[in-house]
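Have a look at the structure below, then the notes.
In the numbering used here, the protein residues as written are 3 to 228.
Okay, structure coming up:
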């Protein structure tokens, strides 16, 4: 992947990112009344996945080169995913304890419109849970491909002449991901951004293998339904 980064200039990555982020936020503003949140989720992820794949093909990059490869050690992969998951939970607990000190804006109703179905495993909705969980996991995987794999790599390409390009890429992709999950700078957007930073660091530190962050993301979304 490093060779591909060098072969493409910074302006080409900037141009790609402008197109990608513009389409991302246009899709985010698409709201279909009385539609399940998974439908709108797949509308977003499907569209942006197509855009990212097209841009990658033009630059000679594959999803495999971004980390969608078979894990060499399944046990270690799940162990790493567990560490990521625990780190995220601990970080969010700390954030919840200190957020009042920073006067963080509470999550607005606009931020989650269309996502609250009223169903959960704790309410005994087993049929609903098992009917959607595979789609939830697939959506989680798509988000990791796009936010960690694609965005981090492309932002690094845009800042390829800077020493701290990876740190910059991790922070920027986390902020984009956080803001995309909320319609304002609020408790929700900051929480998601924190998760994005942890996921981004894990992705880079684990040799850019996407599977540990995909599994951790699936675990998080599963827990949110319990």
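Note that beta-carbon positions come from the ideal geometry of N, C-alpha and C, so glycine has one too. Computed from a predicted model, the values in this text were never measured in an experiment.
Exercise for the section: For the stretch 136-179, list the alpha helix (DSSP H) runs that are entirely contained and at least 4 residues long, ordered along the chain. Expected result: 154-160
Handout entry: Rounded C-alpha distance that separates residue 270 from residue 129
Key = Residue numbering for the chain in the displayed model covers 3 to 228; residue 270 lies beyond these limits and cannot be assessed.
Practice task
Out of 139, 140, 138 and 173, state which residue places its alpha-carbon closest to the alpha-carbon of residue 155.
Solution key: 173
Exercise for the section: Take the Cβ of residue 62 as the centre, count every other Cβ of all protein chains shown within 10 Å, and call the residue buried at 16 or more, exposed below. Expected result: exposed
Handout entry: Rounded C-alpha distance that separates residue 190 from residue 179
Key = 11 angstroms
Exercise for the section: Determine the burial state of residue 82: buried for a count of at least 16 other Cβ atoms within 10 Å of its Cβ, exposed for fewer. Expected result: buried
Problem - CA-to-CA distance, residue 13 to residue 226, given in whole angstroms - result: 40 angstroms
Exercise for the section: Let me know if residue 72 comes out buried or exposed under the rule of 16 or more other beta-carbons within 10 Å of its beta-carbon. Expected result: exposed
Handout entry: Reduced DSSP category for residue 22 - H, G, I as helix; E, B as strand; rest coil
Key = helix
Problem - Proximal residues to residue 57 (C-beta, below 6 angstroms), its chain only, five neighbours per side dropped - result: 18
Practice task
Just mark residue 48 as buried or exposed, buried being the case when its beta carbon has 16 or more other beta carbons within 10 Å.
Solution key: exposed
Problem - Exposed unless 16 or more other CB atoms sit within 10 angstroms - verdict on residue 31 - result: exposed
Handout entry: Close Cβ partners of residue 1 (< 6 angstroms) along its chain, the five nearest in sequence each way excluded
Key = In this structure the chain extends from 3 to 228, so residue 1 is not present and cannot be described.
Practice task
Check residue 183 in the structure and name its three-state DSSP category.
Solution key: coil
Exercise for the section: Look at residue 86 and residue 218 and say whether their C-beta atoms are less than 7 angstroms apart. Expected result: yes
Problem - Which of helix, strand or coil DSSP assigns to residue 214 - result: helix
Problem - Neighbour-count burial assignment, residue 111, 16 or more Cβ in a 10 Å radius - result: Low local confidence applies: a pLDDT of 45 at residue 111 is under 50, so the model's placement there is unreliable, with the coordinate-based value given in what follows. With fewer than 16 Cβ atoms within 10 Å of its Cβ, residue 111 is classed as exposed.
Handout entry: Cβ distance (whole Å) where residue 137 is taken to contact residue 40 below 8 angstroms
Key = 5 angstroms
Handout entry: Alpha-carbon to alpha-carbon, residue 96 and residue 60
Key = 43 angstroms
Exercise for the section: Check whether the Cβ atoms of residue 84 and residue 150 lie closer than 7 angstroms to each other. Expected result: no
Practice task
Excluding the 5 residues preceding and the 5 following residue 170 in the sequence, name in chain order all residues of the same chain whose CB lies nearer than 6 angstroms to its CB.
Solution key: 161
Problem - Bounding residues of the alpha helix (DSSP H) (the contiguous stretch that carries residue 201) - result: 189-207
Exercise for the section: Note down the Cα distance separating residue 207 from residue 200, rounded to an integer number of angstroms. Expected result: 10 angstroms
Practice task
Can you give me the Cβ contacts of residue 139 inside the same chain, cut-off strictly under 8 angstroms, excluding the 5 residues immediately before and after it?
Solution key: 220, 223 and 224
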